[in-house]
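So in full-length UniProt numbering the end of the sequence shown lands on 621, straight run, no missing numbers.
Working notes for the structure below.
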Amino acid sequence: MKIFTVLNQWLKIGWLRNIDVQFAQFIKLRSIAMGNICDEAVILAAALVSHQLSIGHICLNLKNVLNNPNKTLDFYPYVVNICPPSTLFNYLSLNKITHWKIRLKNSQLVTSIDNLNINDSIFLKNAITMILDGNRLYIRRLWHIEGIIAQNLIKFLIQHYNEVDHNILNYLLEIYESLQKYKTCKINLKIKNNYKLLKLLIQQKLIIISVNTIQGTKSLMTCFLVLIQEYVYAINIYNFKIIITTPPIGKYLKIIYEAINMFKKLTNHIIKYINIELSTLHSIMDKIIIDTLLSVDIIFIYEASMINLDIMQTILENIPKTARIILIIDKDQLYSFDTGAILNDIIYKNKIINYNVFFNLDKKIYCFNENSGIFALSNAINSGNTKKISDCWTHGYKDIAFFSLEPNILAYKIFIKHAVNGYLEYFKLIAQCSDPTKVIKAFSNFKILCAFNFGHLGVYKINKAIAFALYSEKLIINPHGWFPGRPVIVTRPNHKLGLYNGDIGIFMFDKKSNSLRVFFDTHIGIRSFTTKSLHYIETVFAMTIYKSQFSYFNSVLIVLQDNPIINRHLVYTGVTRAKHFCEIVASSKLVIEKAAKNCVYRESNVIGRLIRYLPPLIHSL
């Protein structure tokens with residue numbers, strides 16, 4: 001059995017990428033150039049560590065890959081007559097992790113750093129291509145970046161501002177408690193002593209807050225801006241600079257704009273001491289390239305768990321030592337496609353909680369009732385409890401339902417007709433040439449959410465099938481191209497037009513111009529555009545769960561294929577998009593239960609480095 005024969009087999013069936021095999025080939029040739037015969041165990045490790053990057057991991061966990069190779073490597077589906085990883089491991093005598101580590105350490109291209117500091121300069125040696133840190137194998141560059149991030153996090157964790165005057169804290173406490181009377185500012189941080197909370201918010205240089213809804217995001221931003229304004233007013237600081245970074249997503253920008261406007265209304269009685277700048281991460285990166293160091297006193301980074309390694313490293317390195325970082329995440333949301341999930345690694349393992357940097361926003365701020373089936377089902381899925389999931393269907397909840405989809409054409413047609421019914425009210429308004437605001441609102445009442453773009457239950461096929469079904473019902477004049485009532489979603493931001501990822505528009509009659517235009521509800525209000533000005537758009541009767549993350553709908557129809565890639569985070573995100581009604585379509589309820597057991601994680605060792613080098617805990621609540 002030749003190693004490259006197997007790797008090329010895995011390449012042909014899509015388990016590996018071409019670059020993974022090429023990296024393994026590079027390791028072999030480089031070893032030969034150094035006068036050595038490259039061990040096949042090292043070649044295999046090279047291909048796998050490269051592969052792990054493609055599925056979001058920073059490194060290859062040798063222990064996990066030996067214990068459960070298919071799950072760790074995400075090698076699906078199983079293919080007959082293809083050598084599985086376990087067989088190759090046995091052939092190479094890699095039955096124990098110690099054997100594999102010894103063979104890696106014997107290679108001149110791999111260096112073990114078990115006993116070295118995170119700032120050790122060994123990575124600069126040109127010969128070293130991979131780093132073995134404990135049971136984790138890294139490509140050298142990523143090991144180095146992970147170390148830089150750990151170092152910078154430690155700096156922010158152990159540094160504090162000077163003690164704050166008790167009179168100022170008491171004043172801020174009064175402000176905070178009065179804000180909780182407003183629905184737009186109620187944040188319910190899970191901490192018993194608000195006085196200590198405010199003290200930490202003022203003194204701590206690094207704060208991580210988990211928020212699980214858009215409304216929670218808006219409330220948090222409004223409340224914090226008011227508190228910061230009152231604080232700088234109390235200590236008489238002018239031109240206090242705040243940067244708020246968000247993803248380039250229309251829904252998110254709209255929420256932050258609303259929060260800033262509410263803040264201005266609540267503080268219009270005093271002079272504005274703070275300067276607020278709303279930006280995207282890419283704009284921040286452009287500033288760093290020009291100015292090197294950001295000019296900022298506090299930087300809010302929303303959806304920080306979605307940030308990849310390189311951007312996180314750059315931001316942490318270029319924030320002034322005097323600045324404060326507030327990272328806003330949703331620890332239960334879908335993972336980013338990019339490599340690494342540094343913050344989720346920290347929070348899930350819950351190792352630095354005693355440094356008082358992590359706060360969880362009270363989960364009462366949901367878009368649905370706590371006694372509802374949606375709440376019960378989402379919690380059951382998020383906990384991975386299959387019995388509770390099963391109980392949800394038999395409890396008699398009226399706001400959740402299951403549609404069993406048999407694998408035949410007739411069942412598929414019934415499903416499409418069932419899906420079309422969700423848009424009937426919307427098309428009545430289109431026929432009446434109603435006001436765009438009403439039409440957009442009606443369209444947001446119902447949405448079909450899919451796990452994937454492709455496949456017979458993917459977004460593209462369902463969108464096409466719904467268009468033909470609507471055409472057969474004479475609700476649209478053409479199933480192709482532009483037709484009145486066609487909903488579209490922006491897939492790439494257009495800064496000139498002020499349109500961002502996820503913005504949804506409706507092609508409909510405009511009474512003012514007496515023509516057909518595409519109307520969008522943007523972060524600055526309802527706007528319309530000609531079809532010629534729109535380039536990166538798709539039809540959106542159905543959309544992926546991934547793209548729906550920052551939206552909520554009165555009713556959702558979630559379509560799940562029986563696929564091992566479907567995981568807990570995906571289904572949980574889909575269910576929690578529903579305000580009043582959620583229906584799941586699948587071949588069996590077991591699809592949901594299997595997904596709930598499939599909890600995705602991203603392999604990294606930032607938390608290990610923090611634990612290794614953090615000084616003793618400073619204080620605790």
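Even for Gly, the Cβ is constructed at its ideal location relative to N, Cα and C.
All of these numbers come straight from a predicted model, not from anything done at the bench.
Does residue i come out as helix, strand or coil in the three-state DSSP assignment?
{"i": "Asp120", "result": "Its pLDDT being 49, under 50, Asp120 is placed unreliably in this model, and the value from its coordinates should be taken loosely. Note: Asp120 maps to coil in three-state DSSP."}
{"i": "Leu206", "result": "strand"}
{"i": "Val571", "result": "helix"}
{"i": "Leu405", "result": "coil"}
{"i": "Thr72", "result": "helix"}
{"i": "Phe581", "result": "strand"}
{"i": "Ala323", "result": "coil"}
{"i": "Ala586", "result": "strand"}
{"i": "His57", "result": "coil"}
{"i": "Trp15", "result": "coil"}
{"i": "Ser548", "result": "coil"}
{"i": "Arg486", "result": "coil"}
{"i": "Leu492", "result": "The question names Leu, yet the displayed sequence has Arg at residue 492. It is coil, neither helix nor strand."}
{"i": "Gly505", "result": "strand"}
{"i": "Asp391", "result": "helix"}
{"i": "Phe541", "result": "coil"}
Would you report the Cα separation of residue i and residue j, rounded to the nearest angstrom?
{"i": "Leu266", "j": "Asp165", "result": "24 Å"}
{"i": "Asn554", "j": "Ala442", "result": "10 Å"}
{"i": "Arg612", "j": "Glu146", "result": "14 Å"}
{"i": "Thr539", "j": "Phe581", "result": "23 Å"}
{"i": "Asn478", "j": "Asn463", "result": "13 Å"}
{"i": "Phe483", "j": "Ile476", "result": "7 Å"}
{"i": "Gln203", "j": "Asp562", "result": "49 Å"}
{"i": "Ile208", "j": "Ile326", "result": "6 Å"}
{"i": "Trp143", "j": "Thr245", "result": "27 Å"}
{"i": "Cys59", "j": "Gly384", "result": "26 Å"}
{"i": "Lys199", "j": "Arg577", "result": "35 Å"}
{"i": "Lys597", "j": "Thr386", "result": "8 Å"}
{"i": "His480", "j": "Thr531", "result": "14 Å"}
{"i": "Tyr601", "j": "Leu62", "result": "15 Å"}
{"i": "Ser551", "j": "Leu29", "result": "50 Å"}
{"i": "Lys331", "j": "Lys218", "result": "17 Å"}
{"i": "Leu590", "j": "Ser210", "result": "30 Å"}
{"i": "Asn371", "j": "Leu557", "result": "21 Å"}
{"i": "Ala401", "j": "Val575", "result": "11 Å"}
{"i": "Ile414", "j": "Gln313", "result": "51 Å"}
{"i": "Tyr182", "j": "Ile328", "result": "21 Å"}
{"i": "Ile237", "j": "Leu293", "result": "21 Å"}
Are residue i and residue j closer than 9 Å when you measure CB to CB?
{"i": "Ile584", "j": "Leu610", "result": "no"}
{"i": "Val439", "j": "Ile381", "result": "no"}
{"i": "Ala24", "j": "Leu44", "result": "yes"}
{"i": "Ile448", "j": "Met543", "result": "yes"}
{"i": "Val21", "j": "Arg103", "result": "no"}
{"i": "Ile504", "j": "Phe520", "result": "yes"}
{"i": "Phe300", "j": "Ile255", "result": "no"}
{"i": "Leu109", "j": "Ile128", "result": "yes"}
{"i": "Ile249", "j": "Phe240", "result": "no"}
{"i": "Ala234", "j": "Ile168", "result": "yes"}
{"i": "His418", "j": "Leu253", "result": "no"}
{"i": "Leu316", "j": "Leu88", "result": "no"}
{"i": "Phe263", "j": "Val232", "result": "no"}
From this set, the options, which residue's C-alpha is nearest residue i's C-alpha?
{"i": "Leu534", "options": "Ala41, Asn501, Ser551 and Met543", "result": "Asn501"}
{"i": "Ile55", "options": "Asp39, Asp74 and Val42", "result": "Asp74"}
{"i": "Val296", "options": "Pro320, Tyr412, Lys199 and Ile409", "result": "Pro320"}
{"i": "Ile430", "options": "Tyr138, Thr530, Phe509 and Leu169", "result": "Phe509"}
{"i": "Asp310", "options": "Glu370, His282 and Asn275", "result": "His282"}
{"i": "Tyr536", "options": "His51, Leu499, Gln549 and Ile558", "result": "Leu499"}
{"i": "Val518", "options": "Asp391, Gly458 and Pro487", "result": "Pro487"}
{"i": "Ile489", "options": "His456, Cys223 and Phe541", "result": "Phe541"}
{"i": "Phe468", "options": "Val420, Glu177, Ile175 and Ala595", "result": "Val420"}
{"i": "Met221", "options": "Ile237, Thr314 and Ile298", "result": "Ile298"}
{"i": "residue 628", "options": "Trp15, Lys105, Glu303 and Glu593", "result": "Absent from the structure is residue 628, since the part of the chain shown begins at 1 and ends at 621."}
{"i": "Phe446", "options": "Asn170, Arg324, Lys579 and Thr322", "result": "Lys579"}
{"i": "Gln159", "options": "Tyr257, Arg324 and Phe224", "result": "Arg324"}
{"i": "Ser528", "options": "Tyr572, Pro436 and Ala47", "result": "Pro436"}
### Query
With a cut-off of 8 Å, do at least 3 Cβ pairs link the region 284-300 to the region 581-600?
They do not touch, by the three-pair rule.
### Query
On the three-pair Cβ rule with 8 Å, is the region 471-478 touching the region 487-498?
These segments do not touch.
### Message
Quick test of the definition: if touching needs 3 or more C-beta pairs under 8 Å, does the region 422-435 touch the region 565-580?
### Response
Taking a cut-off of 8 Å on C-beta distances, the region 422-435 does not touch the region 565-580, as fewer than three cross pairs fall below it.
### Query
Is there contact between the region 129-138 and the region 597-607, where contact requires at least three CB pairs shorter than 8 Å?
Counting Cβ pairs under 8 Å, three or more are found: they touch.
### Message
Count Cβ pairs between the region 370-377 and the region 396-412 that sit closer than 8 Å; are there 3 or more?
### Response
Judged by pairs of C-beta atoms under 8 Å, the region 370-377 touches the region 396-412, as three or more such pairs exist.
### Message
Quick check: the region 60-71 against the region 27-41, are at least 3 beta-carbon pairs closer than 8 Å?
### Response
No, the region 27-41 does not touch the region 60-71.
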